[in-house]
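**Student:** Residues 1 to 379 in this note's numbering are what the sequence shown lists, from first letter to last.
One structure coming up, written as C-alpha cells, with questions to follow.
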Amino acid sequence: MGKRVLFIIDQIKTGGAEKILLEYDKYLLSHGYKTKIFVLYNDNDNERYEYGCRANTSNIIVKTIQQFKLYWKLRTVINNYKPDVLFSFLERSNILASWLPTTAIKVVTVHNILSIQYKKLHPILFRIMKKVIRTCYSRVPILIAVSNSIKCDLMKKYNLAGDNIIVVTNKTDPFKIEIASNEPISEFEWDHNAKYLINIGRFCHQKAQWKVIKTIKYLKTNYPELNMKGIIMGDGELKSDLYKYRAKLHLEDEIIIMPYQKNPYKFIKKSDIFLLPSYFEGCPIVLSEVIALGIPFVGSKPAVPIDYFCSDISEWNNATFEITNFSDFDYNIDSETKEIGEKVIKQLSTLSSVSGTRQWNESNNKEKQFDEYTKLIED
C-alpha cells in the first residue's frame, strides 16, 4: 500500500506552486498513494480540499490569530488522517508544517528568492520574518528549492547550513505542450507581417508587466521595420493600470491584453520571443514551457535561473538583464529599457537562449521532477 501524503498550501489560485501541487497529487494517486490537500485560505469551494480559514487577510494581528487557529486545525487533521508524509508549498504553509508534531516525513518547498520577495516589508517585520524562516527551515529534514539561486539565497541571506536543501527545478510535459501548441488561434487576427513579443503571468507588482509595454514602445520607436506587437496574458490587481499605461503610450492597437487561456501554448508557439521582467521568480513554469517550445526569451536576472543554462554564465548573461529601474509605471525610456530592447533584438537574430538551454531541455520532463520528489519521500 502506498504512503499517505498530506499536502499543505496557502491558497489554490493560478500560481506555479499550486500547479505543481495539483499535478504531483495526480502523479501520486496514479502510483497508488493516498493523498489529502489542506488549503489554508479558501477562495473557491472544492470538495476535494479541506480548508482552514474562509479568507486571507493583510491585517497582521488577524493574520497571527489565524496562524494559531490553522496550527490547531492542522493538528486535528494529522491526528485523524495519520499521514506518512507532510508536503508543503509556500511560506505560511512551510512555517506551520515545520512546527507540527508528527512522525511523518516533512518536505517543504521554496519557490521564490525570499530575500527579494520580502524586501518591501517594514525593516522590523523583515528581521522577524528572516529569523522565523531561519528557525523553521532549519528544523525540517527535506527542503526542496526550485533553483540554485534560491538555495544560495537561503544559505547566504538566512544562514541555513544547506545540508537539508535539495534543488529540483520545475519541469513540464513537452509532448502535451507540443500537441496543444499546434491548435489554430481564433481569438484574434494574427498579423503575419509582425513580430510578436509575449508575456504570461499574474498582473501584479512582482511581474512588472508595464516593462513589457515600455519595451515594445522602445522597439517600435527604434526598430519600426520589425512591426513589433505584444501579447500580455493573465489577470490580477494591476489589470486596469496596465490598460491605462498601454493607452498612455498609444499602443492600444499594438498590444493585446487578454485573460488566462485554457491553451496558452498556441500563443507562445506562434510568438517570436518571450519577455519575463519580474522582480523575482524561483523557477517559473512558464519559462520551462517556453524552453520546451523552442522560443527565445529575455528576462531579468532574478527571474531566470542560471540552472536553465547549466551554469553557463555567458549564455545566461546574453538572455538576462540587470534590474536598475524600480519605479512602477514610469514613462522614461531609461537605460534598463534600452538594455531589454537590445537583448530582445539580439535574441531574435541569434536564438542563443534556445541553444543555451538545450542541454537542460533534454531533461525537461515533469515525470522526472516528480520521480525526484518521490525518491525523497521513499528514501
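Where a beta carbon is used, it is the ideal one built from N, C-alpha and C, also for glycine.
Hey, how far is the Cα of K211 from the Cα of K346?
**Tutor:** Locating residue 211 in the sequence shown gives position 211, counting from the first residue. Locating residue 346 in the sequence shown gives position 346, counting from the first residue. Roughly 18 Å between the two C-alpha positions.
**Student:** Using the Cα positions of Y384 and Y373, report the straight-line distance between them to the nearest angstrom.
**Tutor:** Within the shown structure, residues of the chain are numbered from 1 to 379, placing residue 384 beyond reach of any answer.
**Student:** Three or more beta-carbon pairs under 8 Å between the region 165-173 and the region 358-371, yes or no?
**Tutor:** The region 165-173 vs the region 358-371: in contact.
**Student:** Sort Y331, S278, C283 by Cα distance to F321 and report the nearest one.
**Tutor:** For the purposes of this step, residue 321 is taken as the residue at position 321 of the sequence shown. Checked all of Y331, S278, C283; the closest Cα to F321 is S278.
**Student:** In whole angstroms, what separates the C-alpha of I78 from that of Q67?
**Tutor:** Numbered from its first residue, the sequence shown carries residue 78 at position 78. Numbered from its first residue, the sequence shown carries residue 67 at position 67. Those two C-alpha atoms are separated by around 16 Å.
**Student:** State the Cα-Cα distance for the pair E254 and K229, rounded to the nearest angstrom.
**Tutor:** Position 254 of the sequence shown holds residue 254. Position 229 of the sequence shown holds residue 229. Going by the C-alpha atoms only, they are around 5 Å apart.
**Student:** Evaluate contact between the region 214-227 and the region 191-205, counting only Cβ atoms and requiring at least three cross-stretch pairs below 8 Å.
**Tutor:** Counting Cβ pairs under 8 Å, three or more are found: they touch.
**Student:** On a Cα-Cα basis, can you pick out the residue from N263, S335, Y331 that is closest to T324?
**Tutor:** By 1-based counting over the sequence shown, the position of residue 324 is 324. Comparing Cα-Cα distances from T324 to each of N263, S335, Y331, the minimum goes to S335.
**Student:** Can you give me the C-alpha to C-alpha distance between R54 and S147, rounded to a whole angstrom?
**Tutor:** Mapped onto the sequence shown, residue 54 falls at position 54. Mapped onto the sequence shown, residue 147 falls at position 147. R54 and S147: Cα-Cα distance of roughly 32 Å.
**Student:** Taking all protein chains shown into account, do 16 or more other C-beta atoms lie within 10 angstroms of the C-beta of I60, making it buried, or fewer, making it exposed?
**Tutor:** As a working mapping, residue 60 is identified with position 60 in the sequence shown. By the 10 Å Cβ count, I60 comes out exposed.
**Student:** Measuring CB atoms only, is the region 255-262 touching the region 279-291, in the sense that at least three cross pairs come out at less than 8 Å?
**Tutor:** These segments do not touch.
**Student:** Name the DSSP bridge partner or partners of I9?
**Tutor:** The sequence position of residue 9 within the sequence shown is 9, counting from 1. Answer by DSSP bridge pairing, in chain order: V39, F89.
**Student:** Quick check for students: name the residue ranges of the alpha helix (DSSP H) that lie wholly in the region 185-263, counting only runs of 4 or more.
**Tutor:** If we require 4 residues or more, the alpha helix (DSSP H) runs fully inside the region 185-263 come out as 210-222, 239-248.
**Student:** Please state if the CB of N182 and the CB of I291 are separated by a distance shorter than 9 Å.
**Tutor:** Here residue 291 refers to the residue found at position 291 of the sequence shown. Here residue 182 refers to the residue found at position 182 of the sequence shown. Cβ distance not < 9 Å, so I291 and N182 don't count as in contact.
**Student:** Does the beta-carbon distance from I9 to I37 come in below 9 Å?
**Tutor:** For the purposes of this step, residue 9 is taken as the residue at position 9 of the sequence shown. For the purposes of this step, residue 37 is taken as the residue at position 37 of the sequence shown. For I9 and I37, yes; Cβs fall inside 9 Å.
**Student:** Between the Cα of A104 and the Cα atoms of I116, S88, N222, I232, which residue gives the shortest distance?
**Tutor:** Working through the sequence shown from its first residue, we reach residue 104 at position 104. Taking only the C-alpha atoms, the option nearest A104 is S88.
**Student:** Report the three-state DSSP secondary structure of L293 (helix, strand or coil).
**Tutor:** Sequence index remark: in the sequence shown, residue 293 carries index 293 (1-based). In the structure shown, L293 sits in coil (DSSP, three-state: anything other than H, G, I, E or B).
**Student:** Check whether the Cβ atoms of Y118 and R134 lie closer than 9 Å to each other.
**Tutor:** Along the sequence shown, read from residue 1 onward, the residue named residue 118 stands at position 118. Along the sequence shown, read from residue 1 onward, the residue named residue 134 stands at position 134. Against a cut-off of 9 Å, the Cβ pair of R134 and Y118 comes out as no contact.
**Student:** Do the CB positions of R380 and Y81 come within less than 9 Å of each other?
**Tutor:** Since the first and last residues shown for the chain are 1 and 379, residue 380 lies out of range.
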